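Numbering (the UniProt record's numbering), first residue to last: 1 to 95. Report on the following structure.
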Amino acid sequence: MSSTFDQIATIIAETCDIPRDTITPESHAIDDLGIDSLDFLDIAFAIDKAFGIKMPLEKWTQEVNDGKATTEQYFVLKNLAARIDELVAAKSTGA
């Protein structure tokens with residue numbers, strides 16, 4: 001699995017006091033790990049800091065609320081890692 005996933009899993013484990021070995025790429029942050037919205041904000045801030053990006057949480061939430069995206073697209077950790085990789089790549093190209 002990607003180093004991005006490993007970093008996210010470590011952040012989640014430390015922020016939410018969840019055993020690191022129970023966090024998998026297929027874990028759904030909300031449904032499987034029981035992370036609530038406030039904890040997820042803490043995780044998002046830690047991810048932003050670790051990767052030097054700004055996760056567009058409001059945009060993602062709006063897409064889910066509007067039915068344009070599923071929670072799995074953003075909250076299953078392997079998908080979240082892919083989104084973060086995209087944000088890092090976009091930042092490095094100046095997009």
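Glycine residues also receive a C-beta, built at the ideal position from the N, C-alpha and C atoms. Since the model is a prediction, treat every value here as computed from it, not as a measurement.
Can you name, in chain order, every residue of its own chain whose Cβ lies under 7 angstroms from the Cβ of residue i, other than the five neighbours on each side?
i: Ala-44; result: Met-55, Leu-57
i: Arg-20; result: Ala-9, Thr-10, Ala-13
Compute the Euclidean distance between the alpha carbons of residue i and residue j, then round it to the nearest angstrom.
i: Ser-3; j: Ala-9; result: 10 angstroms
i: Thr-93; j: Asp-31; result: 34 angstroms
i: Leu-33; j: Asp-39; result: 11 angstroms
i: Pro-25; j: Phe-5; result: 7 angstroms
i: Thr-71; j: Ala-50; result: 23 angstroms
Taking all protein chains shown into account, decide if residue i is buried (16 or more other Cβ within 10 angstroms of its Cβ) or exposed.
i: Ser-27; result: buried
i: Ala-29; result: buried
i: Leu-41; result: exposed
Report all residues from its chain with a CB closer than 6 angstroms to the CB of residue i; omit the five preceding and five following residues, and keep chain order.
i: Glu-14; result: none
i: Val-64; result: Thr-71
i: Lys-68; result: none
Within the same chain, show all residues whose beta-carbon is closer than 8 angstroms to that of residue i, passing over the 5 residues directly before and after it, in chain order.
i: Leu-80; result: Ile-8, Ala-29, Tyr-74
i: Ile-53; result: Ile-47, Ile-84, Leu-87, Val-88, Lys-91
i: Ile-23; result: Ala-9, Ile-12, Ala-13, Leu-33, Leu-77
List the residues that DSSP assigns as beta-bridge partners of residue i.
i: Val-76; result: His-28
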